[in-house]
Amino acid sequence: MSQDITWDDARFAAYALGVRLRDSIASVEKIPLMHALGRTLAQDVTALQGIPHYASSAMDGWAVSGTGPWRIKPRSPEDEPHAASDTLGEHEARPILTGGALPLGCTAVVRSEDATEYDGELSAPEPRLRADIRPAEREARAGDTLLAAGTVLTPPRLAIAASSGRDDVEVLSAPRVGFILSGREVVTSGLPLPGYVRDSFADFLPPVLSAWGAFQASPFCQRIGDSLEETLSALSATDASVVVSTGGTGHSDHDFLRLAVERLGAEFIVEAIAMRPGHPTFLAVLPDQRVMVGLPGNPLAAFMAALTVVQPLLAGALGQPLDEPRAVKTVESYAPLPGRVRLVPSGLSLADDSELGAPEVRVISKEHTGPAMLRGLGDADGVMVVPPEGTQPGDPVRLLDLPW
Numbered sequence: 001m002s003q004d005i006t007w008d009d010a011r012f013a014a015y016a017l018g019v020r021l022r023d024s025i026a027s028v029e030k031i032p033l034m035h036a037l038g039r040t041l042a043q044d045v046t047a048l049q050g051i052p053h054y055a056s057s058a059m060d061g062w063a064v065s066g067t068g069p070w071r072i073k074p075r076s077p078e079d080e081p082h083a084a085s086d087t088l089g090e091h092e093a094r095p096i097l098t099g100g101a102l103p104l105g106c107t108a109v110v111r112s113e114d115a116t117e118y119d120g121e122l123s124a125p126e127p128r129l130r131a132d133i134r135p136a137e138r139e140a141r142a143g144d145t146l147l148a149a150g151t152v153l154t155p156p157r158l159a160i161a162a163s164s165g166r167d168d169v170e171v172l173s174a175p176r177v178g179f180i181l182s183g184r185e186v187v188t189s190g191l192p193l194p195g196y197v198r199d200s201f202a203d204f205l206p207p208v209l210s211a212w213g214a215f216q217a218s219p220f221c222q223r224i225g226d227s228l229e230e231t232l233s234a235l236s237a238t239d240a241s242v243v244v245s246t247g248g249t250g251h252s253d254h255d256f257l258r259l260a261v262e263r264l265g266a267e268f269i270v271e272a273i274a275m276r277p278g279h280p281t282f283l284a285v286l287p288d289q290r291v292m293v294g295l296p297g298n299p300l301a302a303f304m305a306a307l308t309v310v311q312p313l314l315a316g317a318l319g320q321p322l323d324e325p326r327a328v329k330t331v332e333s334y335a336p337l338p339g340r341v342r343l344v345p346s347g348l349s350l351a352d353d354s355e356l357g358a359p360e361v362r363v364i365s366k367e368h369t370g371p372a373m374l375r376g377l378g379d380a381d382g383v384m385v386v387p388p389e390g391t392q393p394g395d396p397v398r399l400l401d402l403p404w
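Residue numbers for the sequence shown follow full-length UniProt numbering, beginning at 1 and rising by one.
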């Protein structure tokens, strides 16, 4: 019989295994910014030039020199509207666009709506010195550290790297992840007959793994039936350093994943988790140091198990911190379930008239949160961690964020 591990201990064990995995794969790779979302920087990103690298206009309007009124200096049609290709003399003005480089001699920018143009002359209230001018290097100087090593790259951080003049970044290598879908009763298209089920994993879990930073192995996704031979063959066919499989994690005559992993001489890090849904989840290390993650065959149970062990595993492998659940209060009552944590798709209620004095959690569609159901998860804002002792309205609980 498998030995249960607590939900918290399973997360910590998975994260520690990810850190161990990180030491066994190539440490650093250089990749284009367009492929770097969610990756962890291996080196600081410094500014290759000042940001911005030139003084510019903050508004559409007129670049002026000295006091008004100003003689309008025309620009030739071939002049670039954003380029500083000319010089203003005292009491001269010329049109300028937002972001345009200032001509030499510019002392201020007059906004279009504040100016009047007549017979080659511009009139406006006297601007203060350097009004609506963005100075060079206002955000950063050349050589400044913009993003430190260990930073996880989000869309705004990718934009910062691009604004610094970089086309690529050095990141910690991501583990190659392979995906095995088991079950001969699973059909991939159309309506299933009684006794068969439609595949809901192939379009669901791979994007989740990618959102957590996984790099697709070759082959990435393998479909197998329910046999020991097919399971062993699939495990040997992939170059993945992490293999994630759904189904076959139980102990029946038709569950072969756990048996295959045992046959290969694996070391079990997690044999089962004291959680619902997702109890038969396991985490193991094969003799060649590949990591094997066994997820249950029911869709919601598989996702809850992945959230429990796969996300921490990949975070550790990518050099990222282990995410801490948010502290919130629940408005739900749950009876005790001794020894087991429950993970429930939940929605955040942020009503101003909350009597609990903190963000509230309400369970979305309780009738749609069974281990084989996905509708509750589709409407959820997060996953509530219900402790074994249950809850009463107003009790503090933890909330896990979703990867979408």
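We put the beta carbon where it would ideally sit given N, CA and C, even for glycine.
| said: If I measure Cβ to Cβ from Leu-307 and keep anything under 7 Å in the same chain, skipping five residues before and after, which residues do I get? | reply: Val-383 and Leu-400
| So, Ile-273 versus Ala-10, is the Cβ gap smaller than 8 Å? | yes
| query | Just the Cα atoms here: how many angstroms apart are Ser-200 and Val-208? | reply | 13 Å
| task | Would you mind stating whether Ser-182 and Asp-226 have Cβ atoms separated by less than 8 Å? | result | yes
| task | Would you be able to state if there are at least three C-beta pairs under 8 Å between the stretch 40-58 and the stretch 152-162? | result | yes
| For Tyr-118, which beta-bridge partners are listed by DSSP? | Glu-121
| task | Tell me Ala-327's beta-bridge partners as DSSP assigns them. | result | Arg-398
| field | Per-residue DSSP class, three states only, for Phe-12 | value | helix
| task | Return the CA-CA distance between Gly-316 and Val-270, expressed in angstroms with no decimal places. | result | 16 Å
| In or out: residue 483 buried (at least 16 other Cβ within 10 Å) or exposed? | No answer is possible for residue 483: it lies beyond the span of the chain, which begins at 1 and ends at 404.
| field | Whole-angstrom C-beta distance between Ala-63 and Leu-57, which should lie under 8 Å | value | Reading off the sequence, residue 57 comes out as Ser, not Leu. Contact holds; Cβ gap of about 7 Å.
| message | Considering Cα atoms alone, identify which of Leu-343, Leu-286 and Glu-29 is closest to Pro-387. | response | Leu-343
| How many angstroms separate the CA atom of Ala-240 from the CA atom of Phe-268? | 18 Å
| message | Please classify Thr-391 as buried or exposed, where buried requires at least 16 other C-beta atoms within 10 Å of its C-beta. | response | buried
| field | Boundaries (first-last residue) of the beta strand (DSSP E) holding Pro-345 | value | 341-349
| task | Note down, one range per segment and in chain order, each beta strand (DSSP E) of at least 3 residues found wholly within the stretch 172-201. | result | 176-182
| task | Following the continuous alpha helix (DSSP H) through Phe-282, name the residue where it begins and the one where it ends. | result | Note, Phe-282: premise wrong, no alpha helix (DSSP H); beta strand (DSSP E) at 282-285.
| field | Length of the line joining the Cα atoms of Ala-202 and Phe-282 | value | 20 Å
| request: Within its chain, find whatever has a CB closer than 7 Å to the CB of Met-292; leave out the 5 residues flanking it on each side and keep chain order. | output: Val-243, Val-261, Ala-266, Ala-284 and Leu-286
| field | Integer Cβ distance of Ile-5 from Ser-173, believed to fall under 8 Å | value | Not confirmed; about 29 Å, so no contact.
| field | Identity of the residues DSSP links to residue 481 by a beta bridge | value | A query on residue 481 cannot be resolved here, the shown segment of the chain reaching from 1 to 404 and no further.
| message | Quick test of your reading: Thr-249 and Leu-300, contact by CB under 8 Å. State the CB separation rounded to the nearest angstrom. | response | Thr-249 to Leu-300, Cβ: 15 Å. No contact.
| request: Determine the burial state of Asp-379: buried for a count of at least 16 other Cβ atoms within 10 Å of its Cβ, exposed for fewer. | output: exposed
| task | Compare the C-alpha of Gln-222 against each of Ser-210, Ser-236 and Phe-215 and name the closest. | result | Ser-236
| task | Please work out which residues of its chain come closer than 7 Å, Cβ to Cβ, to Glu-92, disregarding the five sequence neighbours upstream and downstream, and give them in chain order. | result | Ser-65, Trp-70, Arg-71 and Lys-73
| message | Less than 8 Å between C-beta atoms, sequence neighbours within five positions excluded: which residues of the same chain meet that for Gln-3? | response | Glu-271 and Ala-272
| query | Quick one, are the C-beta atoms of Ser-333 and Pro-393 less than 8 Å apart? | reply | yes
| query | With 16 other CB atoms within 10 Å as the buried threshold, where does Val-341 fall? | reply | buried
| query | Under the three-state reduction of DSSP, which class applies to Ser-112: helix, strand or coil? | reply | helix
| With 16 as the cutoff for other CB atoms within 10 Å, does Arg-258 come out buried or exposed? | buried
| Rounded to a whole number of angstroms, what is the C-alpha to C-alpha distance between Tyr-196 and Gly-319? | 41 Å
| query | In terms of alpha-carbon separation, which member of Ser-164, Ile-31 and Ala-16 lies closest to His-53? | reply | Ser-164
| said: If you measure between the beta carbons of Ala-108 and Ala-136, is that distance less than 8 Å? | reply: no
| field | Residue range of the unbroken beta strand (DSSP E) whose run includes residue 405 | value | Here the chain has residues from 1 to 404 only, and residue 405 is not among them.
| Where are the beta strand (DSSP E) runs, 3 residues long or more, that stay fully inside the stretch 130-167, in chain order? | 145-147
| Since Ile-51 contacts Val-171 with CB under 8 Å, what's their CB separation in whole angstroms? | The pair is not a contact, with the Cβ atoms about 21 Å apart (cut-off 8 Å).
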